[in-house]
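S.K.: So that you can map any letter, position 77 of the sequence shown is 77 in the working numbering, and since no number is skipped, the others follow by simple counting.
C-beta: ideal position from N, C-alpha, C; glycine also.
First the structure, then my questions, so here it is.
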Amino acid sequence: MTYPTAPPWAIPPSRREAADSEPWTPPGRLLVAYPEELDPTARPPAPSWLPVILWTLLGVLPGVVSAARRAREARRGRHEGYPYWIVFGATVLTTAALIIALLEKTI
1 MTYPTAPPWA IPPSRREAAD SEPWTPPGRL LVAYPEELDP TARPPAPSWL
51 PVILWTLLGV LPGVVSAARR AREARRGRHE GYPYWIVFGA TVLTTAALII
101 ALLEKTI
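This is the structure we're talking about:
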C-alpha cells in the first residue's frame, strides 16, 4: 500500500490533463528575461567612422576626441568601440608614412 501524497481534500489531477497541457515555454525559444536585447536589428545604428578620419587628418587631438566620443556612443548602443580606434590609428600611421615619403622625396 502506498502512502497518498495529496491531502485528502485535494482532487488528484487526471492523466489526460497533464498530457494535454502545453509547456510553459514553447520549444526552440530562448530562456532569457529580455530576448529583444539579443536581436541586433533592435539596436540603434552605430556611429559612422568617416568623421574620425576627417578629424584625424585635421589634427591628432580632434581625431582622439572624435574616436573617443564615437566609441562611447557605439558602446551605449551595444556595439563594439574598437573600430573607431583602429580607424584613428590607421589614419595616423598612413598620414605619417605619406609625410615621411614626401619628405624623403624632396630631400
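With T91 as the anchor, note down where its alpha helix (DSSP H) starts and where it stops.
M.R.: From DSSP, the alpha helix (DSSP H) with T91 extends over 82-106.
S.K.: Quick one, which of L54, E36, P44, R78 has its alpha-carbon nearest T95's?
M.R.: It is L54.
S.K.: Smallest Cα separation from A74: which of S66, P47, L58?
M.R.: Residue P47 is the option with its Cα nearest to A74.
S.K.: Exposed or buried, what is G63 when buried is set at 16 or more other beta-carbons lying within 10 Å of its beta-carbon?
M.R.: Buried, because 16 or more other Cβ atoms sit within 10 Å of the Cβ of G63.
S.K.: Which residue wins for smallest C-alpha separation from P45, given the options P51, L61, H79?
M.R.: Closest by alpha carbon: H79.
S.K.: Is V92 closer than 8 Å to R70 when the C-beta atoms are compared?
M.R.: No, Cβ-Cβ distance for R70 and V92 is not below 8 Å.
S.K.: Give the secondary structure of I11 by DSSP, where H, G and I count as helix, E and B as strand, and everything else as coil.
M.R.: In this structure, I11 counts as coil in the three-state DSSP scheme.
S.K.: Under a Cβ-count criterion, where at least 16 other Cβ atoms within 10 Å of its own Cβ denotes burial, should A67 be classed as buried or exposed?
M.R.: Buried.
S.K.: Please classify V87 as buried or exposed, where buried requires at least 16 other C-beta atoms within 10 Å of its C-beta.
M.R.: Buried, since its Cβ has 16 or more Cβ neighbours within 10 Å.
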